């Protein structure tokens, strides 16, 4: 008998039929003897409908009231699923975040969970009931309703799993697991049985949008075993744990990429202390997020400085950088918003040499010019022209034998 | 400066535009210096939409979960109105029933209010804020969400007015007050400035569906001054108070009628003790509500017994009565489902003689045959053929000079 937390997103509960399908799945697991806590999002489209209503009231709706409004979305789905479970003869009770109680700080629309009271949940589980909890929401110390912001239902599920010391937290989505790379780019991509939190974080931050980064971080922090599965297909999905449980780990686990990159370079900057801050300060002040940063000494007393930003911020960043160039007396600014980032990710890198050179050799053999390189302990990212994205992903996928990974 | 509770029903908050109109009205009253608590229903249609979803889950949805589900309707409107008030620069906060807290018993879908904690409301009012409360809902001692059943938002408003000792509780509806009779039947019908609780109860129970009986009873019990007004038209509406505040009260306040009546008679019943129970027992067991009851000694040792029921129950009641007739050895059963009830209502009856005779004389002069009579302290009801309804109402309206009532 396992204690499992199941989380279903908006698409999985997007209609009466789908809610009933979720009830079937939960009932089956419960019948097998597992203790189940279900965490739900709002029906897909519902949150947007409510936000549209709010904007008719107030251009910038008050955040406290926004949370009162949008938290109704999950309250509706937990009641409906519980009814569907009762209809199948499965004992169950629904709880809002406030009822549980999921105590958060008072940062409306982006609250952080402080503490979860597990008393009601444990009591129901011990009585053999399924517990159905509204995701995405909590309550502050004054009794105000709060919501957790983007990906909040995943966070609720992980936090409850941590509080209950659940065996696994299952995140049901519209994909059936984490893949070695995007199957739309490389049809030979394989589903991974297992991946570590660190790898998952790197994959997620690179655009593999299976899970919200915040919930993966949270799961890692509290050592909650996460499993990503499909709501619609049978299968074991991908298990994400803190430790690498494989005896012999693969060199790399996957290839991630991000199409939304743009690159800016300022050259001939007088190389003085604090130059990085002078260049990036105005960018940060404009709320533009910088991704990769590379600095080279170009010659004598000047330096070249290159960084990437999201493409939507490219024009603003370029204008700011032109100003900085004039202020610092640098030579010139160049930019390119037709580049992409391709990364190989894997904890195997730690213990194996030669991964980087295999990557660079593979790309060179395909005639792909590397424009920028950045590395972390378990990731190597390169920037290449966007026209090479598919070629690069497929070549690396083959070179690291990801199509042969054990399923 | 008055402390007022405003209640707006589903039609009054049925769209973004209407919610904004409510915000305007509240803002104006608040600007005049009044302290305002607003109680809201769900947007019209929303509760039905949610119930339809529930029925797709479970033919007979679990009542606890039904309350979790449908209480979201009011939670949405309180958040939206509060945003609209903020948009007008009016300080306000929303509260669900649980947040207030409106403590009820645990009778899901038809809970009764036990106690209202006025701390949060008073604090906000003292700080100059408008308080916006979700109607129709509360919370039980275990923290379960409950709803109050039909007319629940009116009840919430009255209960909050009682708890806060508000000066008046304003019920905004789609009519602009209580009329001397239905203006669709008698165009000369006049809006009453004032009516007593007892009169209002008699009017309401007789089919003047301006207010739910339960909220009128509740207001009477706690001596809360109720005012019925239109959400859409300006005006002072009708004030309903416990005492008759007029120096010189009108003889009668209004003429109510009910088209949904049917009459059944059993004649030649051997007149023995317990006969009324033997006749009405099977009717009550079948959950058929009996309205008027008249018993006459017909001759020697037998009695005639007549009563009215709702027309929808007529056929069932008739069949039951035929069986009783056979069991008791009575003569025969007759029935008529083309009758109506017309009533005059007024506290003035208590101190004035001759009201009944004026009524009977008026009807006789119009050639209207009275089929049945029943009286209470402040009401006289007659049953007549349905074809005479309009004639009877207009004749009585003129006879008691209701068209001349002081406005």
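Protein chains in written order, with this note's numbering: chain A, 346 to 752; chain B, 346 to 752. The beta carbon of each residue, even a glycine, is placed where N, CA and C say it ideally should be. Just so it is clear, the structure is predicted and the values come from calculations on it, not from any experiment.
Chain-ordered chain A contacts of residue i [CB-CB under 8 Å]
i	result
residue 407 of chain B	427, 428, 431
residue 364 of chain B	402
residue 395 of chain B	421
Neighbouring residues, chain A, relative to residue i (Cβ below 7 Å)
i	result
residue 410 of chain B	424, 427, 428, 439
Listed by chain order, chain B residues near residue i by CB distance under 8 Å
i	result
residue 454 of chain A	Near residue 454 of chain A there are no residues of chain B at all, since even the closest Cβ is about 12 Å away, more than 8 Å.
residue 625 of chain A	Chain B residues near residue 625 of chain A: none, gap ~37 Å exceeds 8 Å.
Residue-chain proximity (residue i, chain B), Cβ-Cβ < 7 Å
i	result
residue 482 of chain A	no
residue 399 of chain A	yes
residue 748 of chain A	no
residue 421 of chain A	yes
residue 417 of chain A	yes
residue 668 of chain A	no
residue 402 of chain A	yes
residue 508 of chain A	no
residue 752 of chain A	Residue confidence for residue 752 of chain A is low, a pLDDT of 44 falling below 50, so the modelled location carries little weight and cannot support an answer.
Min CB distance residue i to chain A below 7 Å
i	result
residue 477 of chain B	no
residue 673 of chain B	no
residue 413 of chain B	yes
residue 592 of chain B	Caution applies to residue 592 of chain B, whose pLDDT of 49 falls short of 50 and renders its modelled position unreliable; the value that the coordinates give is listed next. Not an interface residue.
residue 763 of chain B	Lying before the first or after the last residue shown, residue 763 of chain B is absent from chain B, which here runs from 346 to 752.
residue 357 of chain B	no
Bridge-paired residues (DSSP) for residue i
i	result
residue 722 of chain B	Bridge partners of residue 722 of chain B: none, in fact.
residue 729 of chain A	A:685
residue 517 of chain B	B:353, B:574
residue 536 of chain B	B:524
residue 655 of chain A	A:606
residue 650 of chain B	B:611, B:640
residue 460 of chain A	A:448
residue 492 of chain A	A:482
residue 690 of chain B	B:599, B:724
residue 680 of chain B	B:609
residue 348 of chain A	A:380
residue 717 of chain A	A:728
Neighbouring residues, chain B, relative to residue i (Cβ below 7 Å)
i	result
residue 444 of chain A	488
residue 385 of chain A	Near residue 385 of chain A there are no residues of chain B at all, since even the closest Cβ is about 12 Å away, more than 7 Å.
Closer than 9 Å at the beta carbon, the chain C residues around residue i
i	result
residue 628 of chain A	In the displayed structure, chain C is absent; the protein chains listed are A and B.
task = Indicate whether the contact test is met: 3 or more Cβ pairs, each with one atom in the stretch 347-367 of chain A and one in the stretch 438-456 of chain A, closer than 8 Å.
result = no
task = Assess, as a yes-or-no matter, whether the stretch 669-689 of chain B is touched by the stretch 713-733 of chain B under the definition of 3 or more beta carbon pairs within less than 8 Å.
result = yes
task = Check whether the stretch 613-621 of chain B touches the stretch 646-656 of chain B, counting contact only when three or more Cβ pairs, one atom from each stretch, lie closer than 8 Å.
result = Touching, yes.
request  = Jot down the residue ranges of each uninterrupted beta strand (DSSP E) in the stretch 565-648 of chain B, minimum 3 residues, whole runs only, in chain order.
outcome  = 571-575, 583-586, 599-615, 635-644
request  = Examine the Cβ distances between the stretch 524-541 of chain B and the stretch 468-488 of chain B and report whether three or more of them are shorter than 8 Å.
outcome  = no
ask   = Can we say the stretch 503-519 of chain A touches the stretch 560-571 of chain A, given the rule of at least three CB pairs closer than 8 Å?
value = yes
task = For the stretch 575-587 of chain B and the stretch 540-550 of chain B, state whether three or more C-beta atom pairs, one from each stretch, are separated by less than 8 Å.
result = Between the stretch 575-587 of chain B and the stretch 540-550 of chain B there are three or more inter-stretch CB-CB distances shorter than 8 Å, so the stretches are counted as touching.
message = Check whether the stretch 397-416 of chain A and the stretch 422-429 of chain B touch, using three or more Cβ-Cβ pairs below 8 Å as the test.
response = yes
ask   = Of all the beta strand (DSSP E) runs that stay within the bounds of the stretch 379-447 of chain B, which reach a length of 3 or more residues?
value = 380-385, 437-440
task = Report yes or no: do three or more beta-carbon pairs, one from the stretch 357-368 of chain B and one from the stretch 735-747 of chain A, lie closer than 8 Å?
result = no
request  = May I ask you to verify whether the stretch 378-398 of chain A touches the stretch 475-484 of chain A, counting CB pairs closer than 8 Å and requiring at least 3?
outcome  = yes
Any 3 or more C-beta pairs closer than 8 Å across the stretch 661-678 of chain B and the stretch 621-628 of chain B = yes
ask   = Would you call the stretch 598-610 of chain B and the stretch 677-685 of chain B touching, i.e. three or more CB-CB distances under 8 Å?
value = yes
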